[in-house]
Structures are given as structure tokens and as C-alpha cells.
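Protein chains in written order, with the working numbering: chain Z, -14 to 483; chain A, -14 to 483.
Just so you know, even glycine gets a beta-carbon here, dropped at the ideal spot from N, CA and C.
These numbers come from a predicted model, not from an experiment.
Number of protein chains: 2
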Amino acid sequence: MNLNEKLQKYNEWVFRMSAYRMALSIIAIDKLTVAPEAGADYRDKRTAFLAGELFSVQTDPEMAQLLNELRTEESLDGETKKAVELYAKMVHDTVCIPKDEFVASEELMNASYNAWLEAKMKNDYSIFEPYLKQVIEIMKKRYEYRGSDMPLYDQMLDDYEPGMNREKYDAFFGALKERLVPLIKKVTEAEQIDESFLHQEFDKADQKKYMDQILAYLHFDPSWGYQNETEHPFTDGTCSNDMRTTTKYLKDNVVSAILSTVHEVGHATYQHDVDERYDGTILAAGISSGMHESQSRLFENYLARTGAFWEANYDGLQKQFPQQLGNVSCEQFVNALNIARPSLIRTEADELTYPMHILIRYEIEKGLFDGSVSTEGLDRTWDDMYEKYLGVRSKTASAGILQDVHWSGGSFGYFPTYALGSAFAAQFVRKMRQEVDVDEALRSGHFEICVNWLKEHIHKYGCRYDADEIMKMATGEPFNVNYYLDYLEDKYTKLYKL
Amino acid sequence: MNLNEKLQKYNEWVFRMSAYRMALSIIAIDKLTVAPEAGADYRDKRTAFLAGELFSVQTDPEMAQLLNELRTEESLDGETKKAVELYAKMVHDTVCIPKDEFVASEELMNASYNAWLEAKMKNDYSIFEPYLKQVIEIMKKRYEYRGSDMPLYDQMLDDYEPGMNREKYDAFFGALKERLVPLIKKVTEAEQIDESFLHQEFDKADQKKYMDQILAYLHFDPSWGYQNETEHPFTDGTCSNDMRTTTKYLKDNVVSAILSTVHEVGHATYQHDVDERYDGTILAAGISSGMHESQSRLFENYLARTGAFWEANYDGLQKQFPQQLGNVSCEQFVNALNIARPSLIRTEADELTYPMHILIRYEIEKGLFDGSVSTEGLDRTWDDMYEKYLGVRSKTASAGILQDVHWSGGSFGYFPTYALGSAFAAQFVRKMRQEVDVDEALRSGHFEICVNWLKEHIHKYGCRYDADEIMKMATGEPFNVNYYLDYLEDKYTKLYKL
């Protein structure tokens, strides 16, 4: 085969994978949004089969060989070279797992998800615990097949955020602990900010009506994006021009759905902005979790919690809820949006205490894989750690260990990227504010000015470059956790007049 | 291979097909309901690839051989025997067409569909005519490859309704013509019934709220069924416990969405009630068009247009729309639901004139394939037949010959099943009314009594038995068109006081 023939074969292989991935994405979105529960077993079995077909394509030994050959080709352009490298790692990491084990583990993940859902509804950790245990065992097995020297949990961390490991995360979370624990203490002891008006009764249908304005403000265009409702908001999609997000409306909270929407639209906008030529390839699909989360949190915390954002949007909200918000000023509203108060539910947590929720999950995951933490009694372990770091304790498993879906699907090593993303975002925003008048853009309804800066410096690359390279290109220096901590200290010192 | 090995191989093959079918169903449902338009090109290319994968599985020559061997096995149980027969026919009918011809004909169908769309928009039959001619020629060729002795159009009729042919349809439509043409004439000349109150302004959100009551009344349970909205209502699903329907709300018509919902829920309930053991096999998927349509029309016309149905539901509708319906009695409302009036558009036709729309299409199809009707000037042929049978003449080709999509995709032989379904339904309902107090069930909110009868006598079998066998088992006698005609004569004689 000459190079052209090799590249043709390679492109056909990429296309085949993208077809199965598309099917699996749509099936997953359908499952999470509308698919009737009673059909889950039928669908899950066939979904596992299709995932197995994808697995067969991915692990085609001929392709493993071809990728190795392509890696040595010096005439490849940079994009293809990067994609080939990423595919080669992916193939290696999957080819080592026997197919029947892979299919069995996919089936387990589906059953485990259903068990988690039931456990959460019935508020009973014991329904989920045996599945969690099995999921951990099967994940260990899957990683052991790789034959890597790297400790197992480090491999998981690296999968979600290439280049990260326990050592780096220990340093990262160490810095957070050092500066945030005392800051949270001070905030907790300071004079509290009134936010009771956020928690009146807000008709869900009215919230939905207002959401259309927010989606339009964010330039989340129906031609390429669709929003649905789910218990646990998420973003998925099939290509840059087909992104799906979900949100969740709470009757007694007017900002929860808005902020979750802005968060998910941050994810969706990132994928939408990736160079269209990467559609269907690993350069679009393989963005690190930390980078992804940096953009959703940038949207949510660094843009949608600012006064400028609400100068453009608060009028509309007041008009939608005149009885509840008619006497609340925009400043009062924005201050209320930004209060910090230790709480139980990660997804409802404020910007300051949020990383503590992640710290807890990171320490538990680390323990589950080094053997120092057990799935048995993990609901109590969980509650104890919440008490230790945040001073709060859950009365129910549903608001405790069962609150997150991640572990039911074997996603270990993922949570830490949520905290990392916030810290990435701080550094990106600091630079963006040096180059663009962000507040003026938000105030005047020109959200696209921010999006364009992000697209140009971050989004369009997909994973053409690694996170550390993008960080350097976009901000001119390596990642530095102190920008994040400085930002939080500054913001909360002012807000609480510390 | 011994029999067990053969059966295992067979079952694996059935499962593989069911997995691809499931994916294609979910992708299609997603596309028709929520998928963002800008991603259509990306998705369609990959969907075509997955359809090709299914085609490859279906036409695996090894399986064609295996099916032939299994057909001769005398020890197979009745269900497997029937399924093997149906699969063998399916494989034979596809595998006999050379692949390049198959691809060429699929391309022609696409071009033909686009031409039809353009012709309909521009109201110009001459744009579509050359394609229609080619589609007919290619369909002839495709059927000739089967090498059957049966005349070509008979094969087409048999594909949609096994056991039916021109001789039987001629007798069926002959009887309809004889008794319905004079009945329609009498109804048209009788004093007309007021139905203007159905066409006021009805807020769509309010219609949707009311629909929840109707869906609950019909026992369309969210655990196995989900309803969405689309421009053209449809029913699809992945298994008995996962059925999706859609409806369409019209602002100026309060019953359109309700009746389309009941119709689609009829289809969905049929599939839901098929023996769960048939899930994923041709015994569940291959139900004849006439049988399917018999159940949707039974729900829509024979149940949801009765006084008893509305005795249970009209109160709720009045409460939802007190301004519009407060002064309309239940009897006036039900009478208005049942008016008959010759019109041009099949999908908007009433229960009495509907079969005449089908008769016209049947006579044209028959002529197109025996050479007595030409595609040239077919727009005039169409209009002449509408004038002859219904006394109305279209001023535009769009509301005449171009109104239906079916022929552009080569679906000949399908239309007749629409009329047959209504007639099947009449005979089923007659028997059900002998065994069950249908009106009392409807009146007292026990719709499930009807559903249970249908499930026990019809639905549960899927296509374990052919339509004529089910008809005999359920009603104790062969299909008899006179029950349908008696029903219509009786109903419209009373309604219009003829």
C-alpha cells in the first residue's frame, strides 16, 4: 500500500467508527431523555451489541498495524499526525480488552445505571452497592489489560485529562484545601446575604418560557442545538452542527435551571465551535474533560454570575416573575446568585464550595482504587467527609452518595476534572478580559463577542493540541492554580466584606 | 451442523438484525422529532452506512442457505416455522436483486422523491411524471428478479397484505362501489350537520394539557409509550415495551390532534400487545399493513367517534375549553365528529368517503401495471376519477395526484390496505360487541376492556398467523366486506336521518 491507499483505508475506518458512535450517541440521548423505561432491557442488550461492533472496528488488528505505520510517515500534516497518535493510543487501550469482556462490561454498566436510578428513587444505597462493587472490579480488570506501568488510578486520571496524575492532583487539591478551607470558614461566619427571594414558587412553564430568551441571548441556535429536560442535565451530540443539552426545572428555585442551562450550553458551544473539518474524527470527540469543563464553568460562573450578564437579562426575568422579583434589585439578585454556603448537592453547589465537593470525590476514588476505602458503608464514609470538609451531613442516600450518576457507568477519574476546569477557566478569563471588554459585551447583548474569543483561542482546535499547549497559546503561560484562588479570594472578600 | 447449532446461528442472526433495526428506528424517531436540521447531512451519511450494514447481514448468503435447510426441518415448533418462512421470503426477495441494481434503484427513489417534492411545491405534475414512469419500470424489474409466477401487481399487493391479490381486491372494491357511491350521494343531498364549533381557536398548550387525560384514558402508559409532536404523525418503536407516537396540534381544530392521537395509539397498542417472546423477531415486526391499519382505525373510528367514548371524555374537553364548547352538547359534538362530506385530500377525509379515495388509487395502480393507464396525463385521469366517484375536482395537481408521497418511493400495493383495514375493523368490532359491552366499557372509563379483547384475539399473535387466519379465529368466519358496509349504511342512515 502506498501512502494514499493507507490514508484512504484510514479514513474509511474513521468513518465507520463515526457511524457507530453517532448511533450510540443518539441511542444514549434517547435513553436519557424520552425512552420508555420498560423497554430498557431490550434496548440495552442491543446497544451493548452495537458497542461491541464499534469495539470490533476500533480493535481491528489490521488498523493497529496501519496506525503504527502512519505514525512513522513524516509527510503527514500536523492535524492528521495528531489524530493518528490519539487513535493509536485509543486502539492500544481497547485492543487489549477481550471482546466478550468488553461486551459483558457494557451490559453491566447499563444494569448498574438502572440500579442507580432505582436506588436513588427509593433512597436505598444497598440497591446500588453490589453494582458499584462490580463496576469497580470490572474497571480494574479493563485497565489491567493495558499492561501499563502507571498505577491504575493514575491511568484513569490521565484518560480524562492527559498529563494529570495523583501527584499533580494532590498538589492542586492541596493548594485548594490550604486557601479555600479558611476562606469558606470566613464566609460562613460573615454576615449572610439574603437570597430567600430566589426560593419562592416559580411556575415551571413560566421558567421554560423565560429560558427561550436565555437560549437566544447565548446564541444557542435551534438549527444546531436542541434542549430537553432530564433529572441530571447533560450535553451530547453527533457533530458540530448537532448538539443536545438538557436542563432541570425546580419549582422552588428560579436560577437553578438557568445556570445549569448556561453550563451545558458552554459544553455545547465548545463542540459546536470545533473546526467543522474535524467532524466525525477524534480531534473533535476527544477533548479532555478538564478543558470541556473549563468552558461550561466559564459560561456559568465567570459570565452568567456577573452583574453585566444580568444587566442584559434581569429585566426579562422580572417581567416573567413580577410578583416574586418585582421588588428585588438587579444588584441584590446578582449578589444572591453568588452566595456561598456549604451544602449537600454538588450540582447545586456555589462557586466557592463546589471544589470541596470534588475534593471529597477525588479522595474517595483514590481510596477505592488503593483499597483504603470500601463500597460497603460508603454512604457513611461519604457523609463523614461532607461533615469534615463542609460541615454538613445528608439525611438521605439520595442527597448523599446516590446524587451523581458517574460511578454507575464506571467513570472514575472524571470528577477531578470538574475542579480543574474551574481553575483553567479563571486563567482563560483573566486573559480574555485583557483583550476584550467582556462586561460591555455581556451588558449590550453581545455574548457572541465572548464566544468568538473562546472559539478563536480554544474551541476551534478541538484536541488538535493538548490542554497545556492550548493554555500556553491562549494565555501565554503554563497553568497556574493561583489565578483561580486569587479570583475566588478577591470575589468573596468583596462580596462578604471580609 | 446439527439442528441446535443451526438454531443458534439463526437466533444470532435474528438478534444482529434486531440490533441494527433498533438503532435505525431510534435514529429515525430522533430525526423526525428533535434532531437539529444543520446536522442532517452528517447523520444521513452515517445512517445510510448503518442501513447498508443491516442489508449485508440480511443478505448473508450463508443465512439464505441455512434458512432453506431450516424450512425442511419437521421438528420445529409452529412459531419458529412461521418465522423461518417469513425470513426466507424476505431474504429471497432481497438477495435476488443484483446489488448495483438495488443501489441504482435506491438512487432513483431519492431523485424521484425530490422531484415529487418540487412538483408538489410548484404545482406541476410534468416535473414528476418522467420519474414516476421510471419508478414503475424499475419496480417491475425488481419484482421480475424474484422469478415468481404470480402477476407483478399481485406480488406487490401480497407484500403489503399476504394472501391478497387483484381478484380479491376487485371483489372488495366492487362491493364498496356498489353500496357506498349511492350512500355518499344521499348523505351529500341530506340536511347538513353543524360542525363549525370544532373550528374555533383552541390554544395548543391547552390542547396538550387535555391530551394527557386522553392518553391516560387510552392506557397509553408512560412506562412503555412516549408521545411527541411532528408535522406528520407516526408510530414507531423498538420493542413491545417501547412504543413512540407523535401527533400534531392544529390551532383551529380541536379534534384533529385527538383523533390522530387515538389512531397512532391504536398502532402502538397493537405492537405493545404482541407476545413479548416475539420481541426483535419478524413475528413482531412483520404485521401486515391491513392488520395494522385495522387496529388504528378501530381505535379512531369505531371507538373514539362513538357517543360512549365522549360520555367519558367530553366533560374534560368542555372544562378545558369552556368558552368554545360550553354551549355545545355532547351529542352535537359527537355528530359533528362524524359528518361526511366528499373532499379532495385523503388524509383529511371522513370515515364514509375515505375508502373512495383508496378505490381511486387502487384502480390507477392496477392500470399502471396492466398497461391500461399511462403516467402521461395521469393528473387528468386522477381528477376525472375524483369527479366520477366523489363529485369533486381538484383545481391544482398539488391537491390532486401530487398529494401523496407513496408512489415517488415505489410503494405500490400499499394504499389498498388502508381501506381493507377499516373493513377488517368492522368485522372485529362486531364480534367484540357480541362478547363485551363496549359502550359500557367506554362510558365507564374502562378502555382496557376493549384493549384486552383485542389483545387476546388479535394483537398478541403478531404475525404468528396471517390476517385471514386471525380473522377466522377472532370472529369465527372468513372476512366479509358486508359487515363494513352494513355498519356504514346503518351509521350514516341514522346520523343523516336518510
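Worksheet item: Comparing alpha-carbon positions, which option in Z:Asp139, Z:Gly63, Z:Lys162 lies nearest Z:Glu350?
Response: Closest in alpha carbon position to Z:Glu350, among Z:Asp139, Z:Gly63, Z:Lys162, is Z:Asp139.
Worksheet item: With a CB to CB cut of under 7 Å and the five nearest residues on each side skipped, what residues in its chain are close to Z:Val166?
Response: Cβ within range, chain order: n/a, list empty.
Item to complete: Identify which residue in A:Ile443, A:Val358, A:Tyr399, A:Gln388 has its Cα closest to the Cα of A:Arg331.
Response: Here the closest residue by C-alpha is A:Gln388.
Worksheet item: Got a sec: which bits of the region 69 to 100 of chain Z sit with their beta carbon under 7 Å from any beta carbon on chain A, in order along the chain?
Response: The residues in question: there are none.
Worksheet item: In chain Z, which residues lie with their C-beta within 7 Å of the C-beta of A:Tyr374?
Response: Within 7 Å Cβ-Cβ: nothing; A:Tyr374 doesn't reach chain Z, min ~42 Å.
Discussion item. Which residues does DSSP list as the beta-bridge partners of Z:Arg229?
Written reply: DSSP lists Z:Tyr211, Z:Asp221 as partners of Z:Arg229.
Worksheet item: Between the region 23 to 51 of chain Z and chain A, which residues of the former have CB atoms less than 7 Å from a CB of the latter, in chain order?
Response: Those residues of the region 23 to 51 of chain Z that come within reach of chain A (Cβ to Cβ, closer than 7 Å) are Ala23, Gly24, Tyr27, Arg28, Arg31, Phe34, Leu35.
Discussion item. Considering only the alpha carbon of each residue, which of A:Ile169, A:Met196, A:Met458 lies closest to A:Val240?
Written reply: When only C-alpha atoms are compared, the closest one is A:Met196.
Discussion item. Quick check on the DSSP output: what are the complete alpha helix (DSSP H) runs of length 4 or more inside the region 413 to 438 of chain Z, in order along the chain?
Written reply: Qualifying alpha helix (DSSP H) stretches, in chain order: 423 to 428.
Worksheet item: What residues of chain A sit near Z:Pro21, judged by a beta carbon separation below 7 Å?
Response: Around Z:Pro21, the beta-carbon contacts reaching into chain A at under 7 Å are Pro207, Ser208, Trp209, Gly210, Tyr211, Asn226, Asp227.
Discussion item. Output needed in chain order: residues of the region 246 to 274 of chain Z with a Cβ under 8 Å from some Cβ in chain A.
Written reply: Taken in chain order, the members of the region 246 to 274 of chain Z whose beta-carbon sits within less than 8 Å of a beta-carbon on chain A are Asp264, Gly265.
Practice prompt. Check the Cβ of Z:Gly7 against every Cβ in chain A and list those closer than 9 Å, keeping chain order.
Written response: With the sequence shown as reference, residue 7 of chain Z is identified as Met, and Gly is not the correct amino acid for it. Listed by position along chain A, the residues whose Cβ is nearer than 9 Å to that of Z:Met7 are Ile12, Tyr27, Arg28, Arg31, Thr32, Leu35.
Item to complete: Return the CA-CA distance between A:Val42 and Z:Lys30, expressed in angstroms with no decimal places.
Response: Each residue's Cα considered, the two are about 18 Å apart.
Worksheet item: Quick one: what's A:Leu235 bridged to in DSSP?
Response: According to DSSP, A:Leu235 bridges with A:Asn238.
Worksheet item: Looking at the C-beta of A:Gly222, does it have a partner C-beta in chain Z at a distance below 9 Å?
Response: Taking Cβ atoms only, chain Z reaches closer than 9 Å to A:Gly222, which makes this a yes.
Worksheet item: In chain Z, what lies closer than 7 Å to A:Ser3 by C-beta?
Response: Neighbours of A:Ser3 on chain Z, chain order: Arg31.
Worksheet entry | Where the region 162 to 194 of chain Z meets chain A: residues whose CB sits under 9 Å from a CB there | Shown in chain order are the members of the region 162 to 194 of chain Z whose Cβ falls below 9 Å from a Cβ of chain A: Ala190.
Fill in: Whole-Å CB distance - A:His257 paired with A:Ser281, under 8 Å assumed
About 13 Å separates the Cβ atoms of A:His257 and A:Ser281, ruling out a contact at the 8 Å cut-off.
Worksheet item: DSSP three-state call for A:Gln185: helix, strand or coil?
Response: A:Gln185 falls in the coil class under three-state DSSP.
Practice prompt. Put A:Arg290 into one of helix, strand or coil per three-state DSSP.
Written response: Coil at A:Arg290, not helix or strand.
Worksheet item: So which residues of chain A does Z:Asp15 contact, with C-beta pairs closer than 7 Å?
Response: What Z:Asp15 touches in chain A: Ile11, Asp15.
Worksheet item: Among A:Leu161, A:Gly352, A:Leu427, which one has its Cα closest to the Cα of A:Tyr472?
Response: When A:Leu161, A:Gly352, A:Leu427 are compared, the shortest CA-CA separation from A:Tyr472 is found for A:Leu161.
Worksheet item: A:Phe0 CB to nearest chain Z CB: under 9 Å?
Response: Taking a beta-carbon distance threshold of 9 Å, A:Phe0 counts as an interface residue toward chain Z.
Discussion item. What does the Cβ neighbour count give for Z:Ala252, buried or exposed, with the cut at 16 atoms within 10 Å?
Written reply: Reading off the sequence shown, one finds His at residue 252 of chain Z, where the question assumed Ala. With 16 or more other Cβ atoms inside 10 Å of its own Cβ, Z:His252 counts as buried.
Worksheet entry | Residue span of the alpha helix (DSSP H) that contains A:Trp367, given as start and end | Taken as a continuous stretch (DSSP letters only), the alpha helix (DSSP H) holding A:Trp367 covers 363 to 375.
Item to complete: For Z:Asp264, decide whether its Cβ has a neighbour in chain C, counting only Cβ atoms nearer than 9 Å.
Response: In the structure shown, chain C does not exist; the protein chains are Z and A.
Worksheet item: Where A:Asp144 and A:Ser396 are concerned, what is the direct C-alpha to C-alpha distance, given to the nearest angstrom?
Response: Spanning the two alpha carbons is a distance of roughly 10 Å.
Practice prompt. Could you tell me the distance, in whole angstroms, from the CA atom of Z:Asp134 to the CA atom of Z:Tyr128?
Written response: If I take the Cα positions, the gap works out to 11 Å.
Worksheet entry | At least 3 beta-carbon pairs within less than 8 Å: the region 198 to 209 of chain A vs the region 413 to 433 of chain A | With a cut-off of 8 Å on Cβ pairs, the region 198 to 209 of chain A is in contact with the region 413 to 433 of chain A, counting three or more such pairs.
Item to complete: Can you grab the Cα-Cα spacing for the pair Z:Glu54 / Z:Leu71, in whole Å?
Response: Distance from the CA atom of Z:Glu54 to the CA atom of Z:Leu71, rounded to whole angstroms, is 14 Å.
Fill in: Simplified DSSP state of A:Arg326, which is helix, strand or coil
DSSP places A:Arg326 outside both helix and strand once states are collapsed to three, so it counts as coil.
Practice prompt. Whole angstroms is fine: what's the gap from Z:Val466's alpha carbon to A:Ala13's?
Written response: Those two C-alpha atoms are separated by around 46 Å.
Discussion item. What residue range does the alpha helix (DSSP H) around A:Asn53 cover?
Written reply: Segment 46 to 56, the alpha helix (DSSP H) holding A:Asn53.
Worksheet item: Does the region 298 to 318 of chain A come within contact of the region 269 to 287 of chain A, defined as at least 3 CB pairs closer than 8 Å?
Response: With a cut-off of 8 Å, the region 269 to 287 of chain A and the region 298 to 318 of chain A do not count as touching, because too few Cβ pairs lie within range.
Discussion item. Once the 5 residues before and after Z:Ser111 are set aside, which same chain residues still bring their CB inside 6 Å of it?
Written reply: Same-chain partners within the cutoff: there are none.
Fill in: For Z:Gly385 and Z:Ala289, the rounded distance between their alpha carbons
Cα to Cα, the separation comes out at about 27 Å.
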